[in-house]
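Residue numbers (this note's numbering), protein chains in the order written: chain P, 446 to 781; chain S, 446 to 781; chain U, 56 to 378; chain D, 56 to 378.
A virtual CB, placed ideally from N, CA and C, is assigned to each residue, including glycine.
Step one of this worksheet: look at the structure below.
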Amino acid sequence: MKKLKPEITVHFPNSFDEPFELGLFKNMLRIRRLEELCAELYTQEKIRGFLHLYIGEEAVATGVLSQARAKDNVIATYREHGHALLKGLSARSILAEMFGKRTGCCRGRGGSMHLFSKEHRFFGGQAIVGAGLPHAVGLALASEWLGEDRITFCFFGDGAVAEGQFHESLNLAALWKLPVLFCCENNFYGMGTAIERAQSQTNLVEKAKSYKIQGLSVDGMDVDAVVNGTRQALFWMQENKGPFFLELKTYRFRAHSMFDPDLYRSKEEVLQWKQRCPIEQKKKTLRQKGLLNNEKLLAIEKGIQDELSDAKTFAEASPFESPEDLYQFVYAGDGL
Amino acid sequence: MKKLKPEITVHFPNSFDEPFELGLFKNMLRIRRLEELCAELYTQEKIRGFLHLYIGEEAVATGVLSQARAKDNVIATYREHGHALLKGLSARSILAEMFGKRTGCCRGRGGSMHLFSKEHRFFGGQAIVGAGLPHAVGLALASEWLGEDRITFCFFGDGAVAEGQFHESLNLAALWKLPVLFCCENNFYGMGTAIERAQSQTNLVEKAKSYKIQGLSVDGMDVDAVVNGTRQALFWMQENKGPFFLELKTYRFRAHSMFDPDLYRSKEEVLQWKQRCPIEQKKKTLRQKGLLNNEKLLAIEKGIQDELSDAKTFAEASPFESPEDLYQFVYAGDGL
Amino acid sequence: MRISYREALKLGLREALTKNPNTFLIGEDVGAYGGSYAVSKGLLKEFGPHRVRDTPLSEAGFVGAGIGAALGGLHPIVEIMTINFSLLALDQIINSAAFMHHMSGGQLAVPLILRMTTGAGRQLGAQHSNSFEGWFAHIPGLIIFAPSSIEDARYSLEFALREQNPVLMVEHAQLLNDEDELPEKNTSYSLFSSNIRKTGDQITVVSFGANVKKCLAVADKLEKQNLSLEVIDLRILRPLQLELVFESVKKTHRLLLVDEGWLTGNLSAEIGIRVAEKFFDSLKCPILRIGKKEVPVPYSKHLEDLTLPQEEGIELAAREMLK
Amino acid sequence: MRISYREALKLGLREALTKNPNTFLIGEDVGAYGGSYAVSKGLLKEFGPHRVRDTPLSEAGFVGAGIGAALGGLHPIVEIMTINFSLLALDQIINSAAFMHHMSGGQLAVPLILRMTTGAGRQLGAQHSNSFEGWFAHIPGLIIFAPSSIEDARYSLEFALREQNPVLMVEHAQLLNDEDELPEKNTSYSLFSSNIRKTGDQITVVSFGANVKKCLAVADKLEKQNLSLEVIDLRILRPLQLELVFESVKKTHRLLLVDEGWLTGNLSAEIGIRVAEKFFDSLKCPILRIGKKEVPVPYSKHLEDLTLPQEEGIELAAREMLK
Ligand SMILES: Cc1ncc(C[n+]2csc(CCOP(=O)(O)OP(=O)(O)O)c2C)c(N)n1
Ligand SMILES: Cc1ncc(C[n+]2csc(CCOP(=O)(O)OP(=O)(O)O)c2C)c(N)n1
Ligand SMILES: [Mg+2]
Ligand SMILES: [Mg+2]
């Protein structure tokens with residue numbers, strides 16, 4: 446098991462109030478339950494294509510996006526159901542999309558890897574590793590140009606760091622001092638390739654520094670640490686007007702995708718990480734603080750179950766796009 | 446004018462013997478005179494296409510390649526006449542190539558930007574900025590694989606550092622500990638774009654370090670400094686078996702190419718750099734050391750003039766490739 | 056007003072920057088250098104570095120940033136110095152710019168203009184002499200303009216800016232210095248149609264970009280010998296607008312295609328097969344195609360000339376068809 | 056021996072690694088993961104990390120490194136996980152791999168094999184469903200194999216390794232699980248020719264990759280109704296080998312083309328126009344083409360099915376042609 450080095454001591458302010466803390470817990474659980482449902486629906490062949498689960502990594506999206514406002518931009522990868530959900534897309538529109546239905550957020554065109562919502566400023570759902578980073582640079586350029594107070598949150602994996610587009614984007618963002626929060630979800634693997642076999646320098650904050658980008662590494666299994674790290678980053682960005690690099694050390698409990706035989710890591714390694722489950726950890730501290738008891742927990746689970754079974758019913762009942770609409774949306778505007 | 450920071454104190458050993466020192470001088474002058482001839486032939490429309498002159502930067506190729514053996518690999522850019530010449534291509538084969546003649550090193554197919562010589566292990570002549578770096582990685586991989594004692598010298602400009610391929614290549618070379626000497630010819634401009642407007646981090650050795658690649662910055666206007674820096678680099682590579690990053694701070698006295706109106710820098714800046722002409726500097730120290738007098742100088746100039754006028758005559762007299770051979774060399778081997 | 060193609064492009068750029076506050080020109084050396092083909096020379100001074108923005112050498116990065124900026128509410132004009140370097144950004148152009156409107160179920164649009172110089176003929180060697188514009192016409196989601204007249208050079212940007220789609224504007228290097236009278240703007244003028252550059256009734260000659268010039272020269276020459284060629288400039292390569300081509304073939308019953316793409320799989324193959332299908336019974340002779348010879352473009356002038364479509368070859372083909 | 060296409064590919068890889076000491080397999084997740092499509096599963100263990108080398112996500116970097124290694128005396132087999140990601144390396148593939156032999160005047164050769172999975176049909180959405188292999192056939196200097204039979208899957212690597220040129224080997228994802236009898240190796244067997252998969256005399260049906268299957272299914276079905284289709288698998292997409300196609304059309308006088316490229320500008324356009332030219336006087340009906348509908352491939356199954364060539368459409372077209 447890779448040990449998380451305590452490089453950064455994140456300071457917990459007392460400003461975490463009860464509803465906020467419970468919200469973090471609930472949101473992590475929403476992602477978990479949504480993902481579990483997706484896995485089940487996948488085995489039932491209701492969801493098809495590639496499916497990449499976020500189970501184990503929930504603290505990252507939850508902690509970071511707890512600090513995002515509706516007006517902020519978010520870009521994520523193909524492992525983005527949780528990010529989409531927390532940015533405001535309804536479970537209905539997400540599930541319906543994965544069912545390929547007309548009521549899906551992308552009317553069935555995108556699927557699991559391509560969730561988009563203009564309304565919620567959720568710009569993908571990008572299945573080409575690294576290709577979202579330049580988009581984040583451009584979105585930030587636009588908001589700065591238009592005088593809009595927006596942060597662009599850009600999520601990507603440790604694997605993406607090796608791509609040329611990572612390099613080009615970090616340089617552009619730093620050169621032009623753009624408000625992009627680069628959120629690197631370091632789960633120590635890009636598919637089956639461990640970070641040590643992919644990066645000559647595995648300290649990713651050091652890499653960011655080589656672009657003169659301020660960076661911070663946080664424990665991505667601890668949602669409070671993620672919140673604090675994100676607050677620190679945003680505070681810095683506010684003061685300094687420029688990009689920031691946040692590394693979130695985390696782990697995926699499941700295989701890379703539903704096709705992955707998971708041959709490249711040991712059962713023990715996975716097991717050890719599972720003992721640091723972000724949801725269980727948070728549950729424990731909430732209980733210790735007296736903010737959570739069995740009753741409350743049941744109510745939360747019930748609420749989530751209601752949300753998801755409603756979404757599932759909705760997705761199942763929804764119609765497919767009409768075949769005549771095949772040629773729609775190839776060109777915007779006058780229907781070229 | 447950009448000041449060269451004396452970041453590295455290069456130590457001059459006494460092992461520079463007289464023929465070696467005079468050789469450095471002569472080789473710089475060979476490049477200079479070749480380039481001047483090219484410029485002249487270009488205005489006469491004997492050489493066509495793009496033509497990128499190296500005038501002002503001669504100490505770089507000369508110093509670095511003084512340490513290259515015949516068996517070493519070299520990759521360079523479109524500003525590569527000097528590198529080709531010092532790697533052993535004859536002035537004849539270079540000029541004939543630029544004339545588009547059959548006797549050119551590439552039988553007229555390549556032109557100024559695409560000099561190649563298999564015999565001299567000169568692998569381009571690459572006109573896509575940054576695209577030579579991965580080739581260097583592969584050449585080094587091959588030599589290591591085959592147990593060959595070769596260094597791969599890879600030349601590229603400061604502008605190339607922004608390309609994704611720079612990033613991918615440095616990571617691969619470091620990850621796989623390959624014997625590539627990355628030689629960054631930092632002339633402070635990529636076409637009309639000053640390095641401060643292209644790089645968030647202008648300290649390029651710092652950038653190399655972010656791949657855990659050892660680096661060194663030397664004064665590329667001082668051929669002795671270049672030699673020493675290269676020796677240091679090669680010594681390190683010998684000891685440590687891995688890539689090395691050499692930054693050579695230099696300046697091009699001429700425009701980017703023959704098409705460039707040179708609007709983006711001041712006359713004063715150019716003038717100040719010209720006062721640091723590597724050839725004039727070396728001439729002065731050689732005179733001071735008593736290694737050069739007018740007579741010797743004349744002899745050297747005469748030798749070069751003979752070489753070049755022979756080459757020019759050869760190029761002019763050479764035949765063009767036969768039109769029937771248009772389809773040659775599209776596929777290697779059986780003439781697909 | 057008699058102006059050059061280069062000046063016409065610049066007029067278009069100036070107008071775009073003046074009229075549309077959310078438009079900007081971005082790319083390698085568009086500013087301080089003045090544009091590698093001098094198209095944007097002076098615009099930095101006129102509009103400032105906010106509107107005319109130099110970038111580092113990062114084709115994927117700044118094309119992708121253009122996509123992001125378009126998503127964020129701007130209408131960027133991105134210059135990729137030449138079409139050769141567009142390969143470095145092709146993933147962004149295809150998998151993101153061209154597909155995103157569709158993948159998002161119509162929610163997002165990518166109003167992005169990608170200008171690039173294209174074409175061979177200046178002895179730049181294989182890596183700097185590609186003409187990929189016809190090839191790119193394979194990709195749904197893209198709009199591709201290939202202005203070949205002064206008028207098109209002047210107005211194509213205006214039409215591109217009306218789009219909410221990614222538009223490639225390919226400017227052939229061999230046209231930049233050409234001069235011609237800029238006609239008054241006609242209200243019926245549109246880039247979304249091909250353009251009959253010369254009328255005739257014996258052979259329909261279809262081309263685009265700089266090769267239209269060569270076709271026109273041949274048509275002018277043959278006219279004096281009472282051979283009548285109709286020259287059609289495609290002008291927009293995707294979505295293809297072939298109505299005028301079909302009308303013309305209905306009249307001439309003969310089709311000659313001239314294209315700077317390598318013969319195999321160039322855009323002319325597509326036009327040819329469509330005409331072959333539509334006029335199965337009425338063509339008087341087989342369709343002829345003149346493409347780039349299937350070699351990487353060589354540096355040496357005589358070999359480069361041999362590689363590219365030339366007037367002699369076009370004339371020969373036309374005569375052959377009328378035999 | 057009855058084996059799957061995937062196993063046939065692996066046999067080819069194993070043989071290559073066994074017989075040729077300077078060959079190695081390199082790419083993303085070819086080793087520890089076992090290959091994203093499980094083609095190289097087990098080979099890491101068998102040959103070690105020196106011969107089966109995982110790379111970081113750096114398509115341009117490792118394809119370029121493959122070129123360099125080829126220049127340096129090796130014969131690398133580079134796997135680009137899917138053809139979708141090849142766009143990131145396309146500059147290396149075209150401007151370097153395809154051109155370098157020519158640009159160097161024949162001095163250098165780039166013996167490089169690029170394997171990649173291609174094709175749609177598994178609801179992966181637009182970015183993961185491209186079929187660029189026919190499009191890449193535009194580029195001189197490349198050799199492109201599209202093995203569609205078990206036999207071709209087994210032996211194409213061997214033929215690729217005989218080349219001193221860059222060879223693209225595209226393996227359609229829809230074929231991987233197909234099983235068939237692997238025939239004894241025939242001495243006259245060669246990848247450098249198209250392949251008659253079923254003989255017939257009324258329509259020549261030309262396709263490649265996974266779509267050959269669909270054509271064969273239709274041909275089998277129609278045979279029972281006494282309609283006779285000849286199905287030809289192109290097998291090599293560049294340089295095109297059309298002799299058997301021409302011979303067949305000489306017999307059938309009818310041509311139907313089935314291609315997973317978007318209709319406009321797909322490889323079938325090229326084949327069609329060549330046949331139209333050659334058989335100007337003797338075709339009994341217009342050439343028909345079935346291509347991918349001109350939309351980015353949608354995720355939803357019914358829309359994806361509509362987008363891709365299907366047996367029903369092929370059958371309909373064939374019947375139409377014989378009316
Ligand atoms: C450009 C590109 N190359 C390869 C792939 C195939 N692929 C999909 S995800 C993945 C691993 C990415 O790893 P990482 O960035 O760490 O994200 P994670 O999956 O761990 O969240 C790979 C290789 C791809 N989608 N895009
Ligand atoms: C990929 C690519 N983009 C753009 C160009 C056009 N171009 C040629 S040289 C050059 C500047 C390169 O600068 P640098 O790397 O510093 O080398 P220098 O010319 O200063 O030696 C540019 C932009 C190119 N050839 N390739
Ligand atoms: Mg990862
Ligand atoms: Mg430079």
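From the DSSP output, in three-state form, read off residue i for me.
{"i": "PRO688/P", "result": "coil"}
{"i": "ALA521/S", "result": "strand"}
{"i": "TYR772/P", "result": "helix"}
{"i": "CYS270/D", "result": "helix"}
{"i": "ILE345/D", "result": "strand"}
{"i": "GLN659/S", "result": "strand"}
{"i": "ILE326/U", "result": "helix"}
{"i": "ALA639/S", "result": "strand"}
{"i": "PRO451/P", "result": "Caution applies to PRO451/P, whose pLDDT of 30 falls short of 50 and renders its modelled position unreliable; the value that the coordinates give is listed next. In the structure shown, PRO451/P sits in coil (DSSP, three-state: anything other than H, G, I, E or B)."}
{"i": "ASP275/D", "result": "helix"}
{"i": "HIS32/U", "result": "The requested residue 32/U is not part of the displayed model; chain U covers only 56 to 378."}
{"i": "PHE457/P", "result": "Note that PHE457/P has pLDDT 41, beneath the 50 cutoff, so the model's placement of it is unreliable and no number is given."}
Out of the options, which has the shortest C-alpha to C-alpha gap to residue i?
{"i": "ARG477/P", "options": "PHE495/P, LYS516/P, LEU615/P and ALA536/P", "result": "ALA536/P"}
{"i": "LYS563/S", "options": "GLY556/S, VAL574/S, THR522/S and ALA515/S", "result": "ALA515/S"}
{"i": "LEU163/D", "options": "THR172/D, GLY196/D, LEU169/D and SER186/D", "result": "GLY196/D"}
{"i": "GLY527/S", "options": "GLU761/S, CYS483/S and ASN739/S", "result": "CYS483/S"}
{"i": "ASN673/P", "options": "THR507/P, GLU502/P, GLN489/P and ILE492/P", "result": "THR507/P"}
{"i": "ARG344/D", "options": "ASN281/D, LYS305/D, ASN266/D and SER283/D", "result": "ASN266/D"}
{"i": "ASN631/S", "options": "LEU469/S, LEU623/S and MET666/S", "result": "MET666/S"}
{"i": "THR78/D", "options": "LEU216/D, SER95/D and GLN229/D", "result": "LEU216/D"}
{"i": "ARG374/D", "options": "LEU322/D, SER283/D and THR319/D", "result": "SER283/D"}
{"i": "LYS552/S", "options": "PHE633/S, ALA529/S and PRO764/S", "result": "Here the sequence assigns Arg to residue 552/S, which means Lys is not the residue at that position. When each option's Cα is compared against that of ARG552/S, the closest is PRO764/S."}
{"i": "ARG676/S", "options": "GLU485/S, SER511/S, GLU481/S and LYS491/S", "result": "SER511/S"}
{"i": "ILE149/D", "options": "ALA63/D, ILE194/D and TYR88/D", "result": "ILE194/D"}
Apply the 10 Å Cβ neighbour rule to residue i and answer buried if 16 or more other Cβ atoms are within range, or exposed otherwise.
{"i": "ALA744/P", "result": "exposed"}
{"i": "ASP603/S", "result": "buried"}
{"i": "SER262/D", "result": "buried"}
{"i": "LYS757/P", "result": "buried"}
{"i": "THR254/D", "result": "exposed"}
{"i": "ARG252/D", "result": "buried"}
{"i": "ALA181/U", "result": "buried"}
{"i": "ASN185/U", "result": "buried"}
Between residue i and the rest of its own chain, which residues show a CB-CB distance below 7 angstroms, the 5 nearest in sequence each way excluded?
{"i": "THR307/D", "result": "ASP256, GLN257, ILE258, THR259 and GLU285"}
{"i": "ALA93/U", "result": "ARG61"}
What residues in its chain sit with their C-beta under 6 angstroms from that of residue i, if we drop five residues either side in the sequence?
{"i": "GLY501/S", "result": "TYR696, ARG697 and PHE698"}
{"i": "MET136/U", "result": "GLU83 and SER91"}
Given residue i, which residues of its chain have a CB within under 8 angstroms of its CB, disregarding the five upstream and five downstream residues?
{"i": "VAL574/P", "result": "THR522, PHE601, GLY602, GLY604, ALA605, GLU608 and GLY635"}
If you measure from the CB of residue i, is any heavy atom of ligand 5 nearer than 7 angstroms?
{"i": "LYS563/P", "result": "Annotation note on ligand 5: not contained in the displayed structure, which lists ligand 1, ligand 2, ligand 3 and ligand 4 as its ligands."}
Problem set entry | Pocket of ligand 3 (residues with CB nearer than 6 angstroms to any heavy atom), chain order | Going by the Cβ distance cut-off, the answer is GLY602/P, ASP603/P, GLY604/P, ASN632/P, TYR634/P and GLY635/P.
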